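For the sequence shown, the residue numbers in our numbering are 79 to 338.
C-beta: ideal position from N, C-alpha, C; glycine also.
No experiment lies behind these values; they were computed from the predicted model shown.
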Amino acid sequence: MKIALIGAGNVATHLGRKLFGVGEELTQVFSRNWLKAKQLADELGAVPVDDLAEITTVADLYLIAVHDDAIGEVAARLADNGVVDRLVVHTSGATPMQLFSEAAPGLERVGVLYPLQTFSKIRQPDFTKIPICVDASQTSDRELLRSLALNISPHVYPINDQQRATLHLAAVFVNNFTNHLFAIGENILKVGDLPFEMLLPLIQETVGKLENGPPAAMQTGPAIRHDEATIERHLRQLDGQPDLQEIYRLISQNIIASHL
Ligand SMILES: NC(=O)c1ccc[n+]([C@@H]2O[C@H](COP(=O)([O-])OP(=O)(O)OC[C@H]3O[C@@H](n4cnc5c(N)ncnc54)[C@H](OP(=O)(O)O)[C@@H]3O)[C@@H](O)[C@H]2O)c1
Numbered sequence: 079m080k081i082a083l084i085g086a087g088n089v090a091t092h093l094g095r096k097l098f099g100v101g102e103e104l105t106q107v108f109s110r111n112w113l114k115a116k117q118l119a120d121e122l123g124a125v126p127v128d129d130l131a132e133i134t135t136v137a138d139l140y141l142i143a144v145h146d147d148a149i150g151e152v153a154a155r156l157a158d159n160g161v162v163d164r165l166v167v168h169t170s171g172a173t174p175m176q177l178f179s180e181a182a183p184g185l186e187r188v189g190v191l192y193p194l195q196t197f198s199k200i201r202q203p204d205f206t207k208i209p210i211c212v213d214a215s216q217t218s219d220r221e222l223l224r225s226l227a228l229n230i231s232p233h234v235y236p237i238n239d240q241q242r243a244t245l246h247l248a249a250v251f252v253n254n255f256t257n258h259l260f261a262i263g264e265n266i267l268k269v270g271d272l273p274f275e276m277l278l279p280l281i282q283e284t285v286g287k288l289e290n291g292p293p294a295a296m297q298t299g300p301a302i303r304h305d306e307a308t309i310e311r312h313l314r315q316l317d318g319q320p321d322l323q324e325i326y327r328l329i330s331q332n333i334i335a336s337h338l
């Protein structure tokens, strides 16, 4: 399958590498920054492009992996350039497939290929463990995306807009928010001149325990124990940091309310 890769960020890089690795043909890589496009394109045996007007109109699949806010604009440009009866998909968890019909009504075949994982360029993802959510406006394209996705992961799910929005919301809590809490933990340790690596086994065990049961059953800490004195002590330690005090209070209250 000839694939035009639009974007050269985290997702484009890892998806591009994986698709290339399983033998798909990456024809072009687009980035507004020519050097970024060239760097990824060279790796994938593709042609670098920094102008959307130069994107081919005869790829089998257009994989749009750009910022959520730019998907509509890119799709509209593709339609204006004459990409009409080709399959155009985005990789966003938060963006409805319906966006295509609003931003680029000329596109006849649209879809989504959303890998449910956190991607950063510096870390190699293990695609065999990544759920890939697929959807398409046409049944035959849903099947096409399903087989493409099965080439890169055994975990492929047909997921509609509403289900994907639900997944993405949950993903923000379990990944984005927990990671920010790790960053808060790191800053708190700095005050005591303590290294973050001391927290790593605790973080890893928190996740590891989920193999033994649901998260609610694994909850520990002062809130679930109703240890009021400890909670008050922690809040005093956060004096002068009202945002952190509020986060601490809100999460503690929510833990208590969830275990009544
Ligand atoms: N990162 C994740 O963990 C993850 C996981 C699943 C899905 N996603 C989804 O995958 C998509 C890409 O995310 P990412 O993490 O790969 O983002 P990223 O690393 O920040 O890369 C974003 C890309 O978007 C391009 N871009 C931004 N504004 C643009 C515009 N106006 N026109 C054209 N290109 C534009 C950037 O282009 P330049 O190279 O020109 O700067 C860059 O190549 C998003 O829809 C995101 O929701 C991300």
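Under the three-state DSSP convention, the category residue i falls into
| i | result |
| --- | --- |
| D317 | coil |
| P203 | coil |
| A214 | strand |
| A82 | strand |
| V125 | strand |
| P193 | strand |
| N159 | coil |
| T308 | helix |
| S330 | helix |
| V100 | coil |
| D271 | coil |
| H92 | helix |
| P174 | coil |
Beta strand (DSSP E) segment containing residue i, residue limits
| i | result |
| --- | --- |
| F108 | E103 to F108 |
| P236 | V234 to P236 |
| P292 | Careful: P292 lies outside any beta strand (DSSP E) and carries neither H nor E. |
Cβ neighbour criterion (16 or more within 10 Å) applied to residue i
| i | result |
| --- | --- |
| T169 | buried |
| R164 | buried |
| T105 | buried |
| A295 | exposed |
| F255 | exposed |
| I133 | buried |
| G123 | exposed |
| S198 | exposed |
| F251 | exposed |
| P293 | exposed |
| K114 | buried |
| G85 | buried |
| H92 | buried |
| T173 | buried |
| M276 | exposed |
| A131 | exposed |
| G94 | buried |
| S109 | buried |
| A261 | exposed |
| D321 | exposed |
Which residues DSSP lists as bridging residue i, in chain order
| i | result |
| --- | --- |
| R187 | L165 |
Cβ-Cβ distance between residue i and residue j below 8 Å
| i | j | result |
| --- | --- | --- |
| N238 | D213 | yes |
| L185 | A153 | yes |
| C211 | R187 | no |
| L223 | A182 | no |
| L245 | G171 | yes |
| L194 | P209 | yes |
| I142 | V166 | yes |
| L139 | I81 | yes |
| A119 | V107 | yes |
| L177 | G150 | yes |
Limits of the alpha helix (DSSP H) - the one that residue i falls within
| i | result |
| --- | --- |
| L139 | Counting along the chain, L139 falls outside any alpha helix (DSSP H), though it belongs to the beta strand (DSSP E) covering L139 to I142. |
| V285 | L278 to G286 |
| A182 | Taken as a continuous stretch (DSSP letters only), A182 belongs to no alpha helix (DSSP H), as it is neither H nor E. |
| T244 | D239 to A249 |
| P300 | P300 to R303 |
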